[in-house]
Every structure is written in C-alpha cells, then in structure tokens.
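Scroll down for the structure; my scribbles are underneath it.
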Amino acid sequence: MSKIVWHKDDLTSLKDKLKDIADIVITDDPSEVPHEMVGLVIDDKHIPKIKPILERIVLEKSRIMVQTKDGFMQTYAKDIMYLEAFGDDIYMHLEDESSQLIKQPLYQLETLLGPYHFVRIGKSFILNIMKIKFIRSGLNAKLDLELIDGTRLEVTRSFVKPFKVALGLQKKED
Amino acid sequence: MTTTGIIIISVLSILTFILLIKLGRDVFWNLRLRTHYKNNAMKPPKVSFMFWIKRSYGVTMSALFVFALVISNTFQAPFVINDRTYVNAMSVGSESNLKSIIDSQQQGTGSLWDRLFPTQFDVTNDAMVPGAPESSTEEDNRDFIGTNVQVDGVDEADILKTDGTQIFFAARYFNYVRVLDIDSNGLATLNREIALDEFSVDGLYLTDAYLVVVGYTYEYTPYKGELDMMADVWIEPFYMNYTGTIRVYDRTTYEEVYEMKTDGSFHNHRLIDHTLFFVSNHSIYDDGDLRPTYHITQGDDVVTDQVDYEDIYYFPNMPIQGMTVVTGLKLGTFEKTSEAFLGYADYIYANNNQLFTAFNYYDYVNDYKQYVHIVQYDLDSETATVSYVGQGRVDGGIQSQYWMDSYDGHFRIVTTTWNPIKNQLFVLRASETEDQLEIVGSITEGLGKPNETVKSVRYNEDLAYVVTFVNMDPLYTISLANPENPMIISFIEEPGFSTYLHVWGQDNHLIGFGVDEFNNVKISAYDTNFDEPLDTYQMVKEDQANRTSYSYSEALWNPKAILVDAEKNIFAFPVNAYRYFITANEYGNYYEYISSYYIFSFDFSKENPEDIIGEPIIINHDPLDYYSGIERGTWISTSTKPLGIIYTFSFSQMISYDLSVSYNPLNPTYYQKIDFQTE
C-alpha cells in the first residue's frame, strides 16, 4: 500500500478522475496528513494507472510565463494550441481563439514548453500535441494535422521524426 | 485484354494501392495518437464514423472501378487464333464470369417459355450415327450398303450397322444389340445379344476394331424435399436422369473397353475416319460447377474431366438457353478435345473437315423475328480436334440437317419463316480475318408459292433442290454455280410432297420420297429438266370397297431408314400400313397391321416414263403390333451371291431376300427367316 499526499483543492477533480479505482481510501485526518492536504491510500498495483492522472492534474495546473510586448504574461500551458513564428514575431494561439504576440525566440519557447507535450513541427511552428484531432498522412511523407478547432497544420518532412518521438513511435536519439 | 485496358486498369490499380497505403498510414497514425492521449490520461477528441467513410471514399471507389472493369471484360481483347480475330465469340474465362453472363442474358433475352422449354432435340438425332465405310473383304468379295448419310465419308449413327461380315442391330425400345454373322452364302446366324441394361441405344457406329454405342444411361431418382409429402400418396415420386453416354466395345472380344458419360444429352454426332465428333447439350440451370463434365471409364481407371473455362465461348446478344459442347474423340487412343459455347444447337451439318450447328430462335429483344444462328467449327479427324471458326445468322428457321450444306468453301442454307411465310436460300462464307460467317449470296424471293413452306432440301455440288408445299409440291432446282448469285433454274409440280430427295446419278435424275395428296407414302422419279415427275409409285394404290388403309414410314422423317445406293440400283425402306376391314359377319370390323419392306429399282432409260419405277419387291414380317414393325434393312453381297441379299430387321424377326431369285408378289420366296427370342 502507498499513501499519496495531495492538495485538498484538487479533491473534487481527483475523485472524478479516480472513480474507476474502487479500493482507494481518501483521508484528511490531521494526524495523518498536513493541513489543507488529503491522503490517498492505494494498492501499489494502481500506481501505473494513477501516475499519468496525477501528472495530468499537475500539467493542467501548470502555468508558464512568457514575455509579451506589454511585459510578462502568465498562462496555462493546456490552453495553448500552437505557436507560430512570422519573422521575429511569435504568435501564441490559445484555445479561446485569441492570439498573443510573444517577445521571445522560438527555440526558448520550445525548451520551455517541451515538458508540456509541445513539439516542434516545422521551422515556424510549435504544437500542443493534445490539441490534435486527426492526422492525415501525405504522399510526400509530410503529415497534415487537424486540430480540435479545425485549424490545419503541416508537419514538414524534417520534423516528422521528432513528432514520432513525441508520440512515442520512436525513441529519442541521444 | 487490350493494351489500353491493361494501362487503364494498371494505373487505377496503382492508384488504389497508393490510396490504400495512405489509408493504412492514416489508421496507424491516429491509433498512435489515441494511445498517446490515453497514456496521458486524456480523452481523445471524437472522430465520427462518417469522417472515416470520407477518408476511405477514394480507395473504395477506385477499387470498385477496377473490379467492375475486370469483371465486365470491358477491355477484353478479341482473341486471335489462326490469324482470325474473334469479334463475335468471347471466352467465358472464369466461373464467376460464366455465371454472370448466364444471369444477365437470361434476364434480358429469350422468353420464359424458351428458358423453361428449350428447343427440343433434333428429331433425327437418334438415328444419326456414322455408318461404317463401305469395304469388301478379299476372300469372298463382300460388298454392302452402309447407312444413308448426308455426306459421303461422314458416318451417321443408326440402329443398324454392317461391314458385310456382321450386322449389328439395336431394336428400338429394347436395350440390347443383336450381332449376326453373315457367311459366304449370305446366311445369317445370331452370334450374340449384347445386353446394355440401363443403357438406352440412340445409335451405333462401326469401325474395323470397335462397335460404338451412343445413347443414354438413365436412373430413377426419388424426389426429395418439399415433394416428400407425395411419397405418402400411393407411389413414390421420381424423376429420370438421362445421361448422354458412349460405350465402345471391342469387336473381337465384345468387351466394353471405354465408356464416357457426359452430364448432358447428345444433339448429334458424326464419325469421320476413326474420330467421333459429338455435339451435346449441357444444362446451365444447375447450382454447382457449370463446366461440362465427362466421366470416363477405361478398364479399371475412372477419370473425371471438364472443359476449361477458356474453351467456353459466348456470343453477346445471343439468347442463352444452354451450353453446346462440341467434342472430338479419337477411337483407339481415346484422346479428346472439347470446345463449348453458350447457346443451343437444333441441327448440325458436318462434312469431312467442318461442322456447323444451327439454332432456331426468336429475337425477343429487337425485332421479334426468327433467325438461325450458325456456328462453324473446323474438324481435324487426325488429332480429334475441333476449332471454332465463326458464327453468323440468317433470317428464318430450319427443320432438318439436310437444309444445310457446305461445298467449295461456301455454306448454304435454306430457311422458312412463318409470319409472314417466306422461303429463302443463303450462301455464307467464313471471313478470313474474323470469326464471322458473311452472307455472300441469297434468294429471298420466288422460292415457293404463296403460303408454301419448305418440306425438303438436297444439295448436289453446285445444285440445290428445294421442295415447298401447301397444296401442290413444287420442286425447285437452284444453281449455286455462282455463290454470289444463286438462281432458280427450274421447277416441277406434283400432288403431295417429298420429305427426302436423293440424287440419282449425274443426269439430273432425282428420287423423291414423301407422301401423296392423301398422306400415303409415295416415291417419285424426277428429271429436273421437266416440269412434272417422270413416274410416281404410291404404296397403297387403291382401296377395296370394304377396307380403308393408311401407310406410314419412319423414312418420312428419318432418311437413315432408307437403304439407298444408286450404283447398285436399290432404294428400299420400311412401310407400316394399317388396313381397316369393315365386315358384315358376327366378328365385326377389324384392322390389320402390316409391316412391309419395299425394295425399288429404277431404269431411267425406259421409253415409257411409267416404267421407270419398277414393281417393288415387298418383304413382309409377321404382323404383330407397331413395336415389332420392320425398322431397317441392309444389303450385302458375297462371291456366291453377287446380286446381293436384302436383310430386313424388326424387333422379333430377321427376313432376308436373295435378289437373284425372281420375285413372285403373290408368294414371295424368302432366303432366310430368323425369329428372335423376344422374352
């Protein structure tokens, strides 16, 4: 058995996501967990299943700081659809269909967003993989991506490999 | 398949392949995407089923297009065989194509009646077996008259065959063959009776080594399934399965050395040299394998053989009522070849190297007119091969193989249409480049008076003789010397009509056999230079006051019942007559059945034309009943009997007559009489 200590604010979200796991015990006994925290007592066999769920909650709660022309701006990583470069200008397209001009080089943003399932799909594009609805394969080894808002982006040939790595189809070369 | 077809189908196939690969990759990538979502505890976005349908639309449509092009034979190239392009016949090629052709054609052409009741067999087929070639043995100078065949050297089956030393006779309705040995004095002894059991004889062929029996094996098969309820009534219902069968017997041992069963029935057959060519009908209404199948038994070996799909042809736009199979079988080696076409054959004509099938049909799709569909094959008796040459069609219909002929590269056919009544003659020639019989000449007007239809036809090289009839019998002589311009050159009129014409020598002399105006059997002698017959003999010349008579002969519809040889001056045939006696005594009226064999001779040199037909020699068998009437006669001569002996056969008797003995009509002296065991 293992005990996972988590912030009490996420209890509702946690219960919803963990409803499929029957033998889980949730406790907020002050003698067992710190204040404002809850403890999840689970069988070890559920660890592989619960791990991505917890990671997902962390990711959804993750905010990143980007530099705009008006100063720094904080945004949830999960709300970003993709980033697009026009010369020196970088546009950040959000799920609410708004865009922000970013004053930061694309390679920095790639490094910044890498842990949040973002991948470079072209010289000018960084994409949130979790926003892809459908992948069409092209005759020329390119990939045509349809996002959940209907936007169509292309994975150029030289970026297919990192895209495969991001989807787990290929191991990253050291 | 044509080059264009290969290119188009190849391109389409490549496109289909690429689209299929693309679709496969799409599936692969999106499955991977969904796995990625799940691995990260996220619900993948929903993609509707219609979305996938649209994605697979291209590959589905192109695949269907390729499939349709291949199945429909759109780009099938014409076959080129022996420098002849097949523009009419197309190979069936595969089982699925065969079934699809049959289904589509049966929905489109031919009446329901035609489909349910295809044209019946050639009525003369049961007598058509090639006769043994005439020969004589060295030691006692044997000679004989073989079966009366249409073309010299092309034997036709009959129920009696002889080679001068033996006579083989298969009486109708009785399943055995009687074998009689003929000694040097012309005396016959019954050698044996070959029992055939469930094998019903259609006709016999004779070669030096073999007796070939062509016929049907039949078996009773009870009805099954929904008709089982009938079994409880009073008799178990059944149907008869007839299977066209050929049995070959060794003439020295009388052992069966070969048997071939087809899964159809025979239309007709011919023996050329030592090769048997037979045309059979194969049903296309079975559910299973539609290829014609042979079951061959040779010694202990039993082999099943089928005609390849590549050797089955069809003619687009022709009604399909069955499958006609033409097979060549070499006696001795028993090698065989077959070709088949989707269609029917009513009559066949064959000479030494050609075979024609003719099929009467109505075109229900276009003009509701009657046509004859003609298919030509080349025959090679050396290799027992049949090769399709071409097809054609002419207006009208035919009723006998004798309405067809082939001479000097031209096929000639006389036809009759009934609505309106019209008689025509066509001359056709096979195209040298395509599988097409082209009409090169015709007579479409003037053949027959109003409402007269064709009754009999005979060809003699460049001449055709045509008898039409409604009240009087005009016998037209047509010159075919110029095939492109056939001309009527004379005609003769007489009461009644001839059903069979025989060319007698080379001096425009003809013998006509038929019926008079009272439907009694008659025989006429003609010179086609005159406009009326030279002489006519009626079988029942006059009736007495107290009796009525009716005469009939199988020879009226079956020329093989006629024994004829112009050189030997013999024209003989069986006549069966009924005489009905009206009496005033206590026994009341009665009828008498008389079975006779009439032997005629002719002398065209007589000054008085009425003396041309001599008084016949009449051989009578004991009166029994219709089934024991005289069926056949034959003629054999030996060194001690140079004028020959006539042998007549009925089911129950053999009576022979020595032609060197003067004939006494009131008390004829028979040479020999054998009563057969009939029980």
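Going down the list, the sequences are from chains W and G. If you're matching positions, the first sequence starts at 1 in this note's numbering and goes up one per residue. If you're matching positions, the second sequence starts at 1001 in this note's numbering and goes up one per residue. Note that the Cβ used here is the ideal one computed from N, Cα and C, for glycine as well. Since this is a predicted model, take the numbers as computed values, not measurements.
When CB distances to chain G are screened at a threshold of 9 Å, the residues of the segment 133-145 of chain W falling below it are Lys133, Phe134, Ile135, Arg136, Ser137, Gly138, Leu139 and Leu143, in chain order. Around G/Leu1033, the beta-carbon contacts reaching into chain W at under 7 Å are Ile132, Ile135 and Leu167. With 16 or more other Cβ atoms from the protein chains shown falling within 10 Å of its own Cβ, G/Asn1268 counts as buried.
Annotation for W/Ser62: Tyr76, Ala77, Lys78 and Tyr116 place their beta carbon closer than 8 Å to its own, counting only its chain and skipping 5 residues before and after. The beta carbon of G/Ala1041 falls within 8 Å of a beta carbon belonging to chain W, placing the residue at that interface.
Every beta strand (DSSP E) stretch that sits fully inside the segment 1233-1289 of chain G and reaches 3 residues is listed by chain position as 1238-1250, 1256-1262, 1264-1272 and 1275-1282. Under the DSSP assignment, W/Lys103 falls outside any beta strand (DSSP E); it carries neither an H nor an E label.
Pairing G/Arg1192 with G/Tyr1254 gives a Cβ-Cβ distance under 8 Å. DSSP, reduced to helix, strand and coil, places G/Asn1097 within a helical segment of the structure shown.
Burial check for G/Ala1358: the Cβ neighbour count within 10 Å reaches 16 or more, so the residue is buried. Shown here, G/Pro1495 sits in a strand according to DSSP, grouped into three states. If you draw a 10 Å sphere on the C-beta of G/Pro1474, you find 16 or more other C-beta atoms in it, and that means buried.
Rounded to the nearest whole angstrom, the CA to CA distance from G/Gln1436 to G/Arg1458 is 25 Å. Nearest CB-CB separation between W/Ile4 and chain G: not below the 8 Å threshold. Counting along the chain, W/Glu146 sits inside the beta strand (DSSP E) bounded by residues Leu143 to Leu147. For G/Trp1504, the secondary structure class from DSSP, reduced to helix, strand or coil, is coil. Beta-bridge partners assigned by DSSP to W/Glu84: W/Tyr91 and W/Phe125. Shown here, G/Asp1527 sits in a strand according to DSSP, grouped into three states.
A Cβ of chain W is located within less than 8 Å of the beta carbon of G/Arg1025.
Below 8 Å, enough C-beta pairs join the segment 8-16 of chain W and the segment 37-44 of chain W to call them touching: three or more. Shown in chain order are the members of the segment 1049-1075 of chain G whose Cβ falls below 9 Å from a Cβ of chain W: Phe1051 and Arg1055. Distance between G/Pro1450 and G/Asp1202, taken at the CA atoms: about 39 Å. For G/Pro1045, the nearest CB of chain W lies under 8 Å from its own CB, placing it at the interface with that chain. Flagged as an interface residue toward chain G: W/Arg56, by a C-beta distance shorter than 8 Å. The segment 1308-1320 of chain G and the segment 1339-1353 of chain G touch, with three or more beta-carbon pairs separated by less than 8 Å. Taking the Cα of G/Phe1334 as reference, the smallest distance to any Cα among G/Asn1366, G/Val1365, G/Ala1350 and G/Tyr1294 is reached at G/Tyr1294.
In the DSSP assignment, G/Asp1026 falls outside any beta strand (DSSP E) and lies within the alpha helix (DSSP H) extending over Thr1003 to Asn1039. Chain-order list of chain W residues neighbouring G/Asn1030: Phe134 and Ile135, by C-beta distance under 8 Å. Of the candidates G/Pro1609, G/Tyr1465, G/Arg1142 and G/Val1503, G/Tyr1465 places its Cα closest to the Cα of G/Thr1477. DSSP places G/Gln1399 in the coil class of the three-state scheme, outside both helix and strand. Contact of W/His46 with chain G is not assigned, every C-beta pair being separated by 8 Å or more. Taking 8 Å as the Cβ-Cβ cut-off, the segment 110-124 of chain W approaches chain G at His117, given in chain order. Rounded to whole angstroms, the Cβ separation of G/Lys1522 and G/Thr1536 is 6 Å, and the two are in contact under 8 Å. Below the 9 Å Cβ cutoff, chain W contributes no neighbours of G/His1282, its closest Cβ being approximately 51 Å away.
For the options G/Ser1094, G/Arg1178 and G/Asp1163, the alpha carbon positioned closest to that of G/Asp1675 is the one of G/Arg1178. Of all alpha-carbon atoms in W/Val66, W/Val155 and W/Pro34, the one lying nearest the alpha-carbon of W/Ser99 is that of W/Val66.
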